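First the structure, in the form of structure tokens, and then the observations on it.
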Amino acid sequence: MFQPFFKLLSDNPKSFCVQDFAAIGKDPQCQIHIDNPLTAERHARIEKKDQGYLIRDLRSVHGTFVNDARILEAIIKDGDILRIGDQELIFIENDPRDNEFSMRSRNEIWNQELQGLSHVSKTEFPVLILGPSGTGKDVIASNLHDRSQRQRGPFVSVNCSALSETLIESELFGHIKGSFTGAINDRKGAFEAARGGTLFLDEIGDLSYSLQAKLLRALENNEIRPVGSDKNIKTDVRVIAATHQNLREKIHAGAFRADLYFRLNVISISPPALSLRMEDFEDLLYTFAKALRVRFSFGAISRLKKHSWPGNIRELKNLVTRAAAIYPKELITEEHVEKLIDRTLIEKESDCSLKNFPVIKEIEKQMIIKRLSANQGNQRRTAQDLGMPKSTLHDRLRYYNIDVNNYKL
100 MFQPFFKLLS
110 DNPKSFCVQD
120 FAAIGKDPQC
130 QIHIDNPLTA
140 ERHARIEKKD
150 QGYLIRDLRS
160 VHGTFVNDAR
170 ILEAIIKDGD
180 ILRIGDQELI
190 FIENDPRDNE
200 FSMRSRNEIW
210 NQELQGLSHV
220 SKTEFPVLIL
230 GPSGTGKDVI
240 ASNLHDRSQR
250 QRGPFVSVNC
260 SALSETLIES
270 ELFGHIKGSF
280 TGAINDRKGA
290 FEAARGGTLF
300 LDEIGDLSYS
310 LQAKLLRALE
320 NNEIRPVGSD
330 KNIKTDVRVI
340 AATHQNLREK
350 IHAGAFRADL
360 YFRLNVISIS
370 PPALSLRMED
380 FEDLLYTFAK
390 ALRVRFSFGA
400 ISRLKKHSWP
410 GNIRELKNLV
420 TRAAAIYPKE
430 LITEEHVEKL
440 IDRTLIEKES
450 DCSLKNFPVI
460 KEIEKQMIIK
470 RLSANQGNQR
480 RTAQDLGMPK
490 STLHDRLRYY
500 NIDVNNYKL
């Protein structure tokens, strides 16, 4: 059974298991022993309550902080950061591998796709992740591995666009000593490094045509041949591939092998652009902000929501990182945001918004139809499910010309 624990955020990441009761302090008798000058002998205590784990400050001089807020007592949640003296600890309450699939979305359509991956993760089938850059394809791949039967094996990621053709072949299949200039020792490639685990091939669309043929043989025969070797090696990996490129167009242009595409595309998933899942914006922002100790004002968040985010989730994470570096310990306001936004693609925002508008409306229409059907035309329950006032639902029904009677029994 998984036991909640605290982990020190330091060069020595020591962990402390949490029972139903634990004292925290400098006293060696404390279950969570933290020895530093700013820690009291008995600084705080944590107790398991019906609503969760309650932490209570024991009138310490320097205080107890949860997510940078000084508290007398508070219920702590998974991922919260506790500061005792000058030591920071992260609270881990839930084992991520116990979840069917840890990724969630407030966008109903995208969330359904994500939860379907709980079954996919248990299979050995290849997965092809297609979508714009910065949408979290690597995070999806990592989550698939963590919930697979190979979770105890390695997760090895290779960026196929980052290396030259000679180096990428060695990176994937390995090489033997003397096979090319600079090969001073035998080297295992990613297929061998990922043995018993998962191999994530990022930006597979950038792989050269000649290497595509070698990769196809490796996948079909479950064996590889290191560069310079005359012997094949049996492999034992599950392959997940990803690309932001349109593989259909590349196939028609003769730049990507159709047989490799069909070999990889047993199961595919396409994470949407951030602009198409803005229901998740505040959750994503909070996750990055909490990790980097950044606070945003209501006005700043409202301004951020108006940005089109051409760089998707990666751009959002970069902005929060910039805020932490340029304005440490400051409340980020609208004025700060104007200086933090990456304006490289800002001229294209209006065009991008216009392009995405019909797609967003179609998603909204399909969500309304789906909930109406599930609720047998009941508008009150449908409005509740969608998190909107009933009057707003009425407006949407008229706008989309949806006849409620079609969904009643």
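Read left to right, the sequence shown gives residues 100 to 508 (this note's numbering).
Glycine included, C-beta positions come from ideal geometry on N, C-alpha and C.
On a predicted model such as this, the values are computed, not experimentally measured, just so you know.
I'd like the list of long-range same chain contacts for residue i, defined as Cβ closer than 7 Å, with 5 residues on each side in sequence excluded.
i, result
"residue 233", "410, 411, 412, 413 and 414"
"residue 231", "343, 372 and 411"
Going by DSSP, which residues form a beta bridge with residue i?
i, result
"residue 261", "In DSSP, residue 261 forms no bridge with anything."
"residue 482", "Residue 482 is not bridged to any residue."
"residue 116", "104"
"residue 238", "Paired residues: none, contrary to the question."
"residue 367", "227"
"residue 301", "258"
"residue 470", "None, per the DSSP bridge assignment."
Would you report the Cα separation of residue i and residue j, rounded to the nearest angstrom?
i, j, result
"residue 489", "residue 467", "12 Å"
"residue 116", "residue 137", "22 Å"
"residue 360", "residue 162", "58 Å"
"residue 199", "residue 226", "Any answer about residue 199 is weak, because its pLDDT of 46 lies below 50 and its placement is not dependable; what the coordinates show is given next. Residue 199 and residue 226: Cα-Cα distance of roughly 17 Å."
"residue 224", "residue 349", "23 Å"
"residue 153", "residue 130", "16 Å"
"residue 429", "residue 396", "10 Å"
"residue 417", "residue 504", "48 Å"
"residue 220", "residue 235", "17 Å"
"residue 156", "residue 485", "40 Å"
"residue 197", "residue 167", "In this predicted model, residue 197 has a pLDDT of only 48, less than 50, meaning its place in the structure is not dependable; the value taken from the coordinates is given anyway. If you take the alpha carbons of residue 197 and residue 167, they lie about 29 Å apart."
Tell me the residue span of the beta strand (DSSP E) that contains residue i.
i, result
"residue 414", "Careful: residue 414 lies outside any beta strand (DSSP E), inside the alpha helix (DSSP H) at 411-425."
"residue 316", "Careful: residue 316 lies outside any beta strand (DSSP E), inside the alpha helix (DSSP H) at 308-320."
"residue 152", "151-156"
"residue 164", "163-165"
"residue 188", "186-191"
"residue 86", "For residue 86 there is no data in the structure shown, the boundaries of the chain being 100 and 508."
"residue 147", "143-148"
"residue 350", "Note, residue 350: premise wrong, no beta strand (DSSP E); alpha helix (DSSP H) at 346-351."
With C-beta atoms as the reference, is residue i less than 9 Å away from residue j?
i, j, result
"residue 337", "residue 296", "yes"
"residue 298", "residue 257", "yes"
"residue 423", "residue 402", "no"
"residue 333", "residue 321", "yes"
"residue 431", "residue 399", "yes"
"residue 108", "residue 183", "no"
"residue 123", "residue 143", "yes"
Quick one: residues in its chain with C-beta nearer than 8 Å to the C-beta of residue i, no 5 flanking neighbours on either side, listed in chain order?
i, result
"residue 448", "The pLDDT assigned to residue 448 is 48, lower than 50, so where the model puts this residue is not dependable; a value taken from the coordinates is nonetheless given after this. The residues are 406, 407 and 409."
"residue 462", "206, 208 and 375"
"residue 382", "205"
"residue 191", "103, 104, 105, 106, 177 and 178"
"residue 305", "259, 260, 342 and 344"
What are the start and end residues of the alpha helix (DSSP H) that includes residue i?
i, result
"residue 328", "Premise fails: residue 328 is in no alpha helix (DSSP H) and is neither H nor E."
"residue 376", "Careful: residue 376 lies outside any alpha helix (DSSP H) and carries neither H nor E."
"residue 390", "380-391"
"residue 397", "397-405"
"residue 440", "Element bounds for residue 440: n/a, residue is neither H nor E."
"residue 181", "Counting along the chain, residue 181 falls outside any alpha helix (DSSP H), though it belongs to the beta strand (DSSP E) covering 180-183."
"residue 168", "From DSSP, residue 168 is part of no alpha helix (DSSP H) but of the beta strand (DSSP E) over 168-170."
Leaving out five residues on either side along the sequence, give the residues of the same chain with a beta carbon under 6 Å from the beta carbon of residue i.
i, result
"residue 269", "326"
"residue 133", "183 and 186"
"residue 502", "none"
"residue 363", "225, 227 and 340"
Does any residue of chain C have a CB that is nearer than 9 Å to the CB of residue i?
i, result
"residue 482", "As a matter of chain content, chain C is missing from the structure shown, which is built from one protein chain."
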